[in-house]
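Same order as they appear, the protein sequences are chains A and B.
Add 1 to the 1-based position in the first sequence for our numbering, that's all there is to it.
Add 1 to the 1-based position in the second sequence for our numbering, that's all there is to it.
Using N, Cα and C, we set each Cβ at its ideal position, and we do this for glycine too.
Working notes for the structure below.
2 protein chains.
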Amino acid sequence: MGSLDANPAAAFSAFAADGKAPFQPLNPEDVRAYLHKAVDFISDYYTNIESMPVLPNVKPGYLQGELGASPPTYSAPFDVSMKELRTSVVPGMTHWASPNFFAFFPSTNSAAAIAGDLIASAMNTVGFTWQASPAATEMEVLALDWLAQLLRLPTSFMNRTSSGRGTGGGVILGTTSEAMLVTLVAARDAALRRTGSVGVSGLPRLTVYAADQTHSTFFKACRLAGFDPAHIRSIPTGPETNYGLDPAKLFEVMQADVDAGLVPTYICATVGTTSSNAVDPVGAVADVAAMFNAWVHVDAAYAGSACICPEFRHHLDGVERVDSISMSPHKWLLTCLDCTCLYVRDAHRLSDSLETNPEYLKNDATDSGEVTDLKDMQVGVGRRFRGLKLWMVMRTYGTAKLQEHIRSDVAMAKMFEDFVRDDDRFEVVVPRNFALVCFRIKANGGMTEEDADEANRVLMDNLNKTGKAYLAHTVVGDRFVLRFAVGSSLQEERHVTSAWELIKKTTSEIMG
Amino acid sequence: MGSLDANPAAAFSAFAADGKAPFQPLNPEDVRAYLHKAVDFISDYYTNIESMPVLPNVKPGYLQGELGASPPTYSAPFDVSMKELRTSVVPGMTHWASPNFFAFFPSTNSAAAIAGDLIASAMNTVGFTWQASPAATEMEVLALDWLAQLLRLPTSFMNRTSSGRGTGGGVILGTTSEAMLVTLVAARDAALRRTGSVGVSGLPRLTVYAADQTHSTFFKACRLAGFDPAHIRSIPTGPETNYGLDPAKLFEVMQADVDAGLVPTYICATVGTTSSNAVDPVGAVADVAAMFNAWVHVDAAYAGSACICPEFRHHLDGVERVDSISMSPHKWLLTCLDCTCLYVRDAHRLSDSLETNPEYLKNDATDSGEVTDLKDMQVGVGRRFRGLKLWMVMRTYGTAKLQEHIRSDVAMAKMFEDFVRDDDRFEVVVPRNFALVCFRIKANGGMTEEDADEANRVLMDNLNKTGKAYLAHTVVGDRFVLRFAVGSSLQEERHVTSAWELIKKTTSEIMG
Numbered sequence: 002m003g004s005l006d007a008n009p010a011a012a013f014s015a016f017a018a019d020g021k022a023p024f025q026p027l028n029p030e031d032v033r034a035y036l037h038k039a040v041d042f043i044s045d046y047y048t049n050i051e052s053m054p055v056l057p058n059v060k061p062g063y064l065q066g067e068l069g070a071s072p073p074t075y076s077a078p079f080d081v082s083m084k085e086l087r088t089s090v091v092p093g094m095t096h097w098a099s100p101n102f103f104a105f106f107p108s109t110n111s112a113a114a115i116a117g118d119l120i121a122s123a124m125n126t127v128g129f130t131w132q133a134s135p136a137a138t139e140m141e142v143l144a145l146d147w148l149a150q151l152l153r154l155p156t157s158f159m160n161r162t163s164s165g166r167g168t169g170g171g172v173i174l175g176t177t178s179e180a181m182l183v184t185l186v187a188a189r190d191a192a193l194r195r196t197g198s199v200g201v202s203g204l205p206r207l208t209v210y211a212a213d214q215t216h217s218t219f220f221k222a223c224r225l226a227g228f229d230p231a232h233i234r235s236i237p238t239g240p241e242t243n244y245g246l247d248p249a250k251l252f253e254v255m256q257a258d259v260d261a262g263l264v265p266t267y268i269c270a271t272v273g274t275t276s277s278n279a280v281d282p283v284g285a286v287a288d289v290a291a292m293f294n295a296w297v298h299v300d301a302a303y304a305g306s307a308c309i310c311p312e313f314r315h316h317l318d319g320v321e322r323v324d325s326i327s328m329s330p331h332k333w334l335l336t337c338l339d340c341t342c343l344y345v346r347d348a349h350r351l352s353d354s355l356e357t358n359p360e361y362l363k364n365d366a367t368d369s370g371e372v373t374d375l376k377d378m379q380v381g382v383g384r385r386f387r388g389l390k391l392w393m394v395m396r397t398y399g400t401a402k403l404q405e406h407i408r409s410d411v412a413m414a415k416m417f418e419d420f421v422r423d424d425d426r427f428e429v430v431v432p433r434n435f436a437l438v439c440f441r442i443k444a445n446g447g448m449t450e451e452d453a454d455e456a457n458r459v460l461m462d463n464l465n466k467t468g469k470a471y472l473a474h475t476v477v478g479d480r481f482v483l484r485f486a487v488g489s490s491l492q493e494e495r496h497v498t499s500a501w502e503l504i505k506k507t508t509s510e511i512m513g
Numbered sequence: 002m003g004s005l006d007a008n009p010a011a012a013f014s015a016f017a018a019d020g021k022a023p024f025q026p027l028n029p030e031d032v033r034a035y036l037h038k039a040v041d042f043i044s045d046y047y048t049n050i051e052s053m054p055v056l057p058n059v060k061p062g063y064l065q066g067e068l069g070a071s072p073p074t075y076s077a078p079f080d081v082s083m084k085e086l087r088t089s090v091v092p093g094m095t096h097w098a099s100p101n102f103f104a105f106f107p108s109t110n111s112a113a114a115i116a117g118d119l120i121a122s123a124m125n126t127v128g129f130t131w132q133a134s135p136a137a138t139e140m141e142v143l144a145l146d147w148l149a150q151l152l153r154l155p156t157s158f159m160n161r162t163s164s165g166r167g168t169g170g171g172v173i174l175g176t177t178s179e180a181m182l183v184t185l186v187a188a189r190d191a192a193l194r195r196t197g198s199v200g201v202s203g204l205p206r207l208t209v210y211a212a213d214q215t216h217s218t219f220f221k222a223c224r225l226a227g228f229d230p231a232h233i234r235s236i237p238t239g240p241e242t243n244y245g246l247d248p249a250k251l252f253e254v255m256q257a258d259v260d261a262g263l264v265p266t267y268i269c270a271t272v273g274t275t276s277s278n279a280v281d282p283v284g285a286v287a288d289v290a291a292m293f294n295a296w297v298h299v300d301a302a303y304a305g306s307a308c309i310c311p312e313f314r315h316h317l318d319g320v321e322r323v324d325s326i327s328m329s330p331h332k333w334l335l336t337c338l339d340c341t342c343l344y345v346r347d348a349h350r351l352s353d354s355l356e357t358n359p360e361y362l363k364n365d366a367t368d369s370g371e372v373t374d375l376k377d378m379q380v381g382v383g384r385r386f387r388g389l390k391l392w393m394v395m396r397t398y399g400t401a402k403l404q405e406h407i408r409s410d411v412a413m414a415k416m417f418e419d420f421v422r423d424d425d426r427f428e429v430v431v432p433r434n435f436a437l438v439c440f441r442i443k444a445n446g447g448m449t450e451e452d453a454d455e456a457n458r459v460l461m462d463n464l465n466k467t468g469k470a471y472l473a474h475t476v477v478g479d480r481f482v483l484r485f486a487v488g489s490s491l492q493e494e495r496h497v498t499s500a501w502e503l504i505k506k507t508t509s510e511i512m513g
């Protein structure tokens with residue numbers, strides 16, 4: 002809706018003085034000019050973001066009202082797009098990059114990651130096979146192997162060890178859901194083969210398992226892969242295990258299924274649940290799974306990043322006995338979306354289910370068996386050059402700074418936890434494992450638990466309406482609980498302290 | 002492996018003079034400095050790319066040898082990452098952005114798209130629900146509705162029309178494979194409900210259909226969704242339909258399945274196949290599907306972009322009768338990876354299968370029913386702010402320039418086709434529909450067809466080894482065929498002409 006639309010001749014002149022030169026969408030000087038403008042916007046955005054409301058106040062459909070219901074016929078100078086970005090888009094954003102963002106999990110980020118992602122967008126390579134862009138595959142494999150070492154994963158998960166190419170391997174996917182889906186499919190197909198199923202006739206007998214705290218996307222991934230919704234077992238958890246999976250209960254349910262003629266196929270164990278950061282005991286789950294020949298996947302989307310610090314690594318104990326693990330550097334390892342790292346102990350178990358081999362992708366490198374074609378470890382064929390940003394993060398910052406980053410966030414969360422514990426109007430609902438604090442206004446005095454639920458709901462709404470903080474909630478043990486997730490990449494102690502002051506003040510207003 | 006690794010103190014000083022200041026991964030001045038360096042790299046890359054070999058000459062594992070098998074402990078100045086990018090990564094890339102790239106389909110790109118993607122990486126918003134970032138969802142919906150108008154899709158596919166919110170909708174996904182998968186799952190679940198299946202017990206009876214020229218990822222998506230591999234029908238095509246799907250044959254196969262007690266569930270029609278750009282007749286396929294209550298999906302990943310020009314729009318005739326259509330601006334609409342647009346006529350048919358509603362994502366906007374939560378139209382939960390780049394492309398260039406871009410590519414392809422037709426050593430194997438020319442050395446004189454196959458294979462290998470052009474091949478009608486795909490965004494007529502000169506010269510060397 003830039004005014005230039007009314008003046009096509011002027012708009013065209015943005016590209017060529019006479020309006021007749023050929024259109025050059027990647028003219029290097031235009032690229033340089035547009036991108037420098039974008040960079041300056043970003044740097045200003047980070048500088049000013051603290052003063053912007055974290056949550057916007059806009060109505061559904063507002064953007065169409067501002068930008069128009071139909072596309073422009075004629076071109077406009079790039080400045081018009083940038084102006085509309087500033088005036089119409091930014092005010093409608095929930096600012097995940099704000100240091101006052103404490104909702105969900107932070108999407109952490111860094112200068113090195115953004116630079117790597119930018120270069121990937123510009124190279125725009127599509128690395129479906131090794132040959133389609135050797136360096137893209139090599140870089141992804143290298144970055145994953147580096148990260149495996151940061152996490153002290155066993156070499157069985159690595160693509161390439163000091164003794165050469167292994168049987169394990171990794172791939173960078175878009176989401177944890179995709180990691181679950183592709184491993185579910187591999188496990189499903191293995192179970193069908195094992196049980197002598199004709200085609201998918203045995204599918205209705207397969208069963209899958211996870212704690213009731215597991216991310217809802219697991220249930221969705223199971224349904225996508227064709228598992229019977231009635232055979233997705235949700236194992237109850239409670240405060241006695243801090244909402245982690247009880248291996249004895251898991252065994253009982255699996256054995257009952259076997260007794261009923263069903264086929265236990267897959268277990269998802271979570272290290273750091275979304276709701277409250279509960280941790281399922283990886284090794285014990287793997288031991289139970291082994292009795293039933295079931296696939297074990299570890300979802301460490303958020304907390305996996307913490308395991309680069311020795312003091313948190315014990316949460317992965319037993320990982321050498323699982324089949325696959327995924328974690329997302331786009332959550333807590335300073336790498337912008339999207340970047341979910343999936344490791345499998347036997348890459349062939351994935352590619353057996355996911356391989357395609359059309360004529361136009363046949364090439365000598367693939368035929369040699371010496372290379373990994375990453376399309377065979379994911380849903381799609383096309384793929385961004387995601388390895389570059391992950392490598393740039395590790396290369397630029399180094400292990401020591403990445404550990405410092407984790408520890409700094411955990412220290413801030415601990416500080417907040419201490420604030421909460423020192424104020425007797427509040428309670429910490431579950432022990433803090435990482436950088437998420439689950440807390441609530443306690444049922445004090447004449448308040449019932451239901452009254453407290455309502456008070457917490459009002460507290461959250463009132464906090465979020467200020468624009469000075471954004472918190473999300475969950476339900477733990479039937480109680481409405483506030484989640485305070487520390488770690489947005491621009492966050493400093495003072496933001497945590499200010500948020501706590503705001504929480505105290507808002508609580509006084511509600512309770513008074 | 003930068004030399005600074007040996008000198009941790011110096012490396013730390015890249016971040017703070019005393020090595021003790023807190024680590025600030027998003028320090029706005031660092032962001033500005035890193036990104037400006039990246040931008041200059043990109044501009045230089047585009048300026049020099051023409052002289053780089055399109056296909057690299059590197060061995061599997063080469064990058065580990067250059068960058069090291071283990072991650073560095075200490076940080077290094079960003080210049081070290083940039084230097085290693087230049088010296089170790091760039092020489093191992095297949096340069097999809099090169100104007101001498103004629104393989105697969107080009108991954109077209111533009112200054113506006115890269116800028117939009119960069120800003121998305123920096124904002125790093127995760128728009129799973131509308132509330133999680135209103136502008137991100139609003140922008141995606143707006144960009145999709147604009148594109149729908151460029152494609153003259155019926156309003157039934159739009160999110161928001163002049164008369165308000167419709168029942169249709171769109172979503173930007175990572176790949177066509179994901180678009181196929183989610184629509185397959187929706188169609189699968191609808192067929193199971195329709196046939197009174199208990200759980201997934203009816204799944205082994207469901208059947209799906211596509212022409213034998215359909216992308217292999219369709220067969221993979223069907224397997225992911227749990228369809229029986231034996232019930233994925235591949236309908237033979239031949240030169241009599243230029244390798245497009247014959248609706249009469251489709252009807253026969255579907256009727257035979259019904260007669261055998263099976264349940265036709267889903268048909269994939271392609272507009273512009275990867276192999277040879279064949280076009281399945283959309284309207285006629287929809288008419289057959291209607292007789293069996295089967296879902297019709299149109300895969301227009303590549304050629305959909307051409308349909309923004311009136312002279313190509315007829316390839317979508319009948320689209321108002323299909324259930325879903327996907328096309329990928331990351332292929333031919335100047336938008337960098339990843340950007341696949343999926344439109345469905347009834348958004349609820351998708352979300353019925355893909356919806357999740359965990360406690361921590363509950364919010365008033367969702368409860369109001371007034372907004373779209375895009376997580377319910379895709380595999381995962383998390384999602385990049387992909388709408389921004391697509392909007393920036395349409396906003397900056399306008400419909401007229403985008404049409405000029407398509408026409409210019411088609412004109413260059415036509416020029417190449419004329420070159421081939423004018424040289425009697427060659428033949429054009431199928432009529433050119435868009436900007437892909439399928440051609441081969443003919444079996445002349447004493448050559449058998451098998452000899453010609455081998456000559457073409459040698460021609461391709463020799464061309465690709467020069468580094469001055471990169472072509473891929475396919476097999477059409479049992480013959481080895483070269484694919485010349487025009488349209489890389491830096492490409493001009495002179496590159497097509499040079500490639501043709503190189504093809505002629507190399508052919509003379511082989512044939513002589």
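Whole-angstrom distance between residue 332 (chain B) and residue 404 (chain B), CA atom to CA atom: 15 Å
Same chain only: Cβ atoms within 7 Å of residue 104 (chain B), ignoring 5 sequence neighbours per side: 471, 472, 473, 486
Where the beta strand (DSSP E) containing residue 485 (chain B) begins and where it ends: 480-486
For residue 325 (chain B), the residue or residues it bridges with in DSSP: B:298, B:345
Three CB pairs or more closer than 8 Å across the region 320-328 of chain B and the region 284-300 of chain B: yes
Span separating the alpha-carbon of residue 256 (chain B) from that of residue 64 (chain A): 48 Å
Where residue 514 (chain A) falls, given that 16 or more other Cβ within 10 Å makes a residue buried: Outside the modelled stretch of chain A, which goes from 2 to 513, sits residue 514 (chain A), for which no answer is possible.
Close beta carbons around residue 454 (chain B), own chain, < 7 Å, minus the five adjacent residues each side: 480, 481
Residues bridged to residue 162 (chain B) [DSSP beta-bridge criterion]: B:165
Those residues which DSSP pairs with residue 427 (chain A) across a bridge: A:442
Beta carbon proximity, residue 407 (chain A) to chain B, threshold 8 Å: no
Among B:447, B:351, B:353, B:309, the one whose alpha carbon lies nearest that of residue 407 (chain B): B:309
Residue 62 (chain B) versus residue 410 (chain A): straight-line alpha-carbon distance, rounded: 36 Å
Whole-angstrom distance between residue 28 (chain A) and residue 142 (chain A), CA atom to CA atom: 32 Å
C-alpha distance - residue 85 (chain B) paired with residue 121 (chain A), whole-angstrom precision: 15 Å
Unbroken alpha helix (DSSP H) run spanning residue 35 (chain A), endpoints: 29-49
Between the CA atoms of residue 36 (chain A) and residue 116 (chain B) - distance to the nearest angstrom: 5 Å
Per DSSP, the bridge partner or partners of residue 268 (chain A): A:210, A:297
Chain A within 8 Å of residue 235 (chain B), Cβ atoms only: no
Simplified DSSP state of residue 277 (chain A), which is helix, strand or coil: coil
Paired residues, beta bridge with residue 406 (chain A) - DSSP: Note: residue 406 (chain A) sits in no beta bridge, so no partner.
Proximity to residue 488 (chain B) [Cα-Cα], best of B:98, B:252, B:148: B:98
Neighbour flag for residue 17 (chain A) against chain B, beta carbons, 8 Å: In this predicted model, residue 17 (chain A) has a pLDDT of only 47, less than 50, meaning its place in the structure is not dependable; the value taken from the coordinates is given anyway. Not one chain B Cβ lies under 8 Å of residue 17 (chain A).
Beta carbon proximity, residue 213 (chain B) to chain A, threshold 8 Å: no
Unbroken stretches of the alpha helix (DSSP H), 4 residues or longer, contained in the region 351-379 of chain B: 365-369
Euclidean distance between Cα positions of residue 355 (chain B) and residue 56 (chain A): 26 Å
Identity of the residues DSSP links to residue 236 (chain B) by a beta bridge: B:212
Residue interval of the beta strand (DSSP E) (run including residue 263 (chain A)): Unbroken run through residue 263 (chain A): none, as it is neither H nor E.
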